[in-house]
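Heads up: the sequence shown begins at -7 in our numbering, then just goes up one per residue.
Have a look at the structure below, then the notes.
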Amino acid sequence: MHGTISAATAKEVIDRIEYLRLLPIETVEEKAAGPVSRDSFSLFGRPTAADVTTFTRDLALLMKAGARLEDSLELLAGDADIGRLRPTVGKLRSGILAGESFAEALAR
-7 MHGTISAATA
3 KEVIDRIEYL
13 RLLPIETVEE
23 KAAGPVSRDS
33 FSLFGRPTAA
43 DVTTFTRDLA
53 LLMKAGARLE
63 DSLELLAGDA
73 DIGRLRPTVG
83 KLRSGILAGE
93 SFAEALAR
């Protein structure tokens, strides 16, 4: 299995993988694709399509790796790559911890 986790350092990536009770075999730093627009870092407004795509891809990857939904959402809520979805992911996790199904928490 392979995937992408964004973090400030390689150690932080390894810590995140181990938190999910997975065994990291190799970490490789990806180079930035180019300049990032200022809009990418906006904390206000609606999530972009890229935010939603990144979130669903990363959630699917974590679930496929055997991570629990609760742990996956906790990890993703702290991931800078999901941009404006961070508050939504936090609310989604809170709803699930309160006993709602995934579908119910999404509908809120």
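Each residue gets a CB set at the ideal place from its N, CA and C atoms; glycine is no exception.
Fair warning: this is a prediction, and the values are worked out from it, not measured in the lab.
Under the Cβ criterion (8 Å, minimum of three pairs), the segment 44 to 53 does not count as touching the segment 83 to 93. For the pair E92 and A52, the Cα-to-Cα distance works out to about 20 Å. Per DSSP, reduced to three states, the secondary structure at A59 is coil, with no helix or strand assignment. Setting aside the 5 residues that flank it on each side, L77 is surrounded in the same chain by P39, D43, F47, each with a C-beta closer than 6 Å to its C-beta; the list follows chain order. DSSP, reduced to helix, strand and coil, places T48 within a helical segment of the structure shown.
In the three-state scheme derived from DSSP, where H, G and I count as helix and E and B as strand, L89 is classed as helix.
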